[in-house]
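Shown next, in structure tokens, is the structure this report addresses.
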Amino acid sequence: MRNLIYAINLTIDGCCDHTKMTAGDDVLEFFSDLIRGADLLVYGRVTYQLMVPYWPDIAKNKSGDPDETEFAQVFDSADKLVFSHSLEKIEDKRSRLARNTLQDEILRLKREQGKYILLGGVDLPSQLIALGLVDEFIIVVQPVIAGEGRRLLEGGSLQEKLPLKLVKSKTLKSGCVALHYVKL
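Residue numbers for the sequence shown follow the numbering used here, so the first one is 17 and each next one is one higher.
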């Protein structure tokens, strides 16, 4: 079975609001490498619409700095699956809408052969974590205290604690720390 890996940036105080982040080029490089290792990126509508058309436009126009442009090109070339009840269609040629229920679609994808599935966002991952379908967690801790903003699993609940095991950590040049956990 393929693993479903959830990757996210968090501030030291647990904020996952992208507007509160101070990510440097090394964080973009880190996430570029994660995307290269995946067969599929999975998002909910909100996160997808934050990412597309923003990154594909940078990839097309080469309008970012070198690390932004590289990330944009890696992101743009990846296949994406979007869960949404409100979107009728998606224009991006590398993206498709999920039509099955969340649990059924993810279980089907996990049974397929291939590399891992990379999951991003907040709401959709919170649902998948509650369903017990996320196998690994990659949390990039940003060296900033936001003091406010949305928190992971805010408004949701787990039936019980989810024990994790740290399998790898990496300190980036910017002072961010990438933590890789697996479910026990």
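Cβ atoms here follow ideal geometry from the backbone N, Cα and C, with glycine treated the same way.
Cβ pair residue 62, residue 156 closer than 8 Å: Their beta carbons are not under 8 Å apart, which means residue 62 does not touch residue 156 by this criterion.
Touching by the beta-carbon criterion (3+ pairs, under 8 Å), the stretch 185 to 193 and the stretch 161 to 169: Verdict: no, contact absent.
N- and C-terminal bounds of the beta strand (DSSP E) containing residue 194: From DSSP, the beta strand (DSSP E) with residue 194 extends over 193 to 199.
Terminal residues of the beta strand (DSSP E) in which residue 55 lies: For residue 55, the enclosing beta strand (DSSP E) has its first and last residue at 54 to 60.
Supposed contact pair residue 18 and residue 130 - C-beta distance, whole angstroms, cut 8 Å: Correct: roughly 6 Å between the Cβ atoms.
Same chain only: Cβ atoms within 7 Å of residue 80, ignoring 5 sequence neighbours per side: The beta carbon of residue 80 sits closer than 7 Å to those of 74, 88, all from its chain and outside the five residues before and after it, given in chain order.
Continuous alpha helix (DSSP H) assignments of at least 4 residues falling wholly in the stretch 37 to 115: Unbroken alpha helix (DSSP H) stretches of 4 residues or longer found wholly inside the stretch 37 to 115: 41 to 52, 61 to 67, 70 to 77, 82 to 93, given in chain order.
Neighbourhood of residue 161 by C-beta distance below 7 Å, restricted to the same chain and skipping five residues each side: Contacts found: 27, 28, 29.
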